[in-house]
Amino acid sequence: MTFKIPVKSLLRALGIGLILSAFYDFGEDPQPKPQAQTSVPPSVQDKVAEQAQPPVPNATLPIKEPETTASQRQENWIRHRIHRGETLAGIFKRYRLSRHNLNDLLSSDEHLLRELTQLYPGKTVKLLVNEKGELKKLVYQRSHRETITAARTGENDFDIEKIFHRPQKRLGQASGIIQSNLYSAGKRAGLTDNLIMQLTDIFGWEIDFQRGTRPGDQFTVLYEKLYVNGRHIGNGSIVAAEFINRGQVHQAIRFTLPDGRTAYYTPEGRSLRKAFLRMPVQSARITSRFNLKRRHPILHRIRAHKGVDYAAPIGTPVRATGDGKIIFRGWKGGYGRVIILQHGRRYTTLYAHLHRFNRRFKLGSRVNQGDVIAYVGKSGLATGPHLHYEFRINGVHKDPLTVPLPTSKPIPASLMTAFRQQADSLLAELEQHRPTALVEADHGKQ
């Protein structure tokens, strides 16, 4: 027995299928497997050995998606890779989503609206669309650690949620021997710029990294490696470090107090954190030191240089060297753009020739040590881009590179047992990963 199918009906069905296939990817699995929740492992400080695990290869990014039910069989996921300059409105238009879909979405949550519409090139937006062309869900992974989802809850409403993916911490290690300078040795050892800067900050008051390092000095670093669903997304903080400078061993252990404050201590429990950082600019070259009888390079006359000049490219971040309050923020004659910080009753610091200020901080704002307060420039009387930094005690200028400063409090006696247990474990790891003569020879060949 045969069946006759009208030719017009067959062509009409094929035409509709081709049109739909131009907009939706029917080849994608409409039932994506939901991602497992990332568990938070023991802290790096508590269980070093358990964290030194190899990364899981070929891991996928964590995108939270629902299981597709029988009623959603006609719904399709559209995956779109964001290009530079694209907007959410443009993406909706590209996939023939009606304007009311976008309006419903943007009117659902004013607090998350800006984050939802701030699209980063290279990231992915996923749209779940039903057979009527209505948006049912949007998934936008803004970063490795953050995903924004919007799920339709009614005819005109969406429930927008921000999901944070807490990274798993594992232990990384690196060691090296200095041939010419710390930066080159650190890069050969596999350290990022940020980890090298952390290392100089930790030992900044113990070692003069501008003039005090020598070929043959060596370092060993234990640091956090961050993973989300088995994928390495970056590095965290240094948890322990050792620097041997001119034969003298300097060691640091990271320890968190019960109130949440974290700092670095010697194995004996003495704090390595001073009230002030030695340098307000990372990776900068000193071009002029504190000198009360210096000849001014522009005015060509003897004029006291009551600070230190750090040469750096325009836009280099300038950090607050200590906790304090902004008491001046503006233009100050030959200094150009200036910020002055008050630190308690006795201390003030000045940052001059700035290119621009950090908009996050205003006059009267309180800042923490290490906060980026401005950016290097050449405003005012300046021969080139640099930062002029001054340090004053009771209004009297002091040499920022040599002035003695108070230290932070040591480990409390009540916490010494816990600290020593953690320190002993990390010190054993440091000793195990110290550079050897073989490492030195290998580095010399590079």
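Numbered by our numbering, the letters in the sequence shown go through residues 30 to 475 in order.
Backbone N, C-alpha and C fix where the C-beta goes; we use that ideal spot for every residue, glycine too.
Just so it is clear, the structure is predicted and the values come from calculations on it, not from any experiment.
Thr-153 sits in a strand when the DSSP states are folded into three classes. Per the coordinates, the alpha-carbon of Val-310 lies some 10 Å from the alpha-carbon of Ala-403. Between the stretch 270-284 and the stretch 187-203, the count of Cβ pairs shorter than 8 Å is below three; the stretches do not touch. Of Val-405, Leu-456, Ser-213 and Arg-374, the smallest CA-CA separation from Ile-368 is found for Val-405. Residue range 197-206 is occupied by the beta strand (DSSP E) that includes Ala-203.
The beta carbon of Ser-437 is closer than 8 Å to those of Ala-292, Ser-300, Arg-302, Lys-303 and Ala-304 in its chain, skipping five residues each way along the sequence.
In this chain, the beta strand (DSSP E) harbouring Ala-340 covers 337-340.
Between Ile-111 and Leu-167, the C-beta gap is not smaller than 7 Å, which leaves the two residues out of contact. For the set Glu-235, Arg-260, Ile-267 and Glu-175, the Cα lying nearest the Cα of Val-250 is the one of Ile-267. Relative to the Cα of Gly-409, the nearest Cα in the group Trp-360, Asp-453 and Ser-443 belongs to Trp-360. Residues of the same chain with a CB within less than 6 Å of the CB of Arg-395, apart from the 5 flanking positions on each side, are Lys-354 in chain order. Inter-residue distance for Arg-314 and Phe-390 is about 26 Å (C-alpha atoms, whole angstroms). Ranked by Cα distance from Ala-442, the options Asn-423, Gly-336 and Glu-297 are led by Glu-297. Counting of Cβ neighbours within 10 angstroms places Gly-151 among the exposed residues, the total staying below 16. Counting only residues of its own chain and dropping the five nearest sequence neighbours on each side, Gly-363 has a CB closer than 8 Å to the CB of Gly-409 and Leu-410.
Counting C-beta pairs closer than 8 Å gives fewer than three between the stretch 336-352 and the stretch 251-259, which falls short of the contact rule. With the rule of 3 Cβ pairs closer than 8 Å, the stretch 209-217 does not count as touching the stretch 170-186. CA-CA distance, Ile-356 to Gly-289, rounds to 28 Å.
When DSSP reads this structure, Lys-303 sits in a beta bridge with Thr-436. Under DSSP, Ile-368 forms a beta bridge with Arg-358 and Tyr-380.
Collapsing the DSSP output to three states places Tyr-212 in a helix. Between Leu-370 and Ala-349 the beta-carbon gap is near 6 Å, inside 8 Å, which marks them as a contact. Within 10 angstroms of the beta-carbon of Leu-321 lie fewer than 16 other beta-carbons, which makes it exposed. Taking C-beta separations shorter than 8 Å and ignoring five residues to either side along the sequence, the partners of Glu-144 in its chain run Arg-171, Ile-177 and Lys-191, following chain order. Shown here for Asn-423: same chain residues with a beta carbon closer than 8 Å to its own, the five before and five after excluded, namely Arg-375 in chain order. Counting the other CB atoms within 10 Å of its CB gives Ser-136 a total below 16, which places it among the exposed residues. Per DSSP, the beta bridge partners of Leu-416 are Tyr-339.
If you draw a straight line from the Cα of Leu-444 to the Cα of Leu-220, it is about 32 Å long. Looking at Met-226, Gly-259 and Gly-215, the one whose alpha-carbon comes closest to that of Asp-246 is Gly-215. Asn-274 is bridged by DSSP to Gln-277.
Cβ neighbours of Gly-399 within its own chain (closer than 8 Å, five residues either side excluded): Asp-230, Leu-306, Arg-348 and Ala-349.
Here Val-425 is exposed: its Cβ has fewer than 16 other Cβ atoms, across all protein chains shown, within 10 Å.
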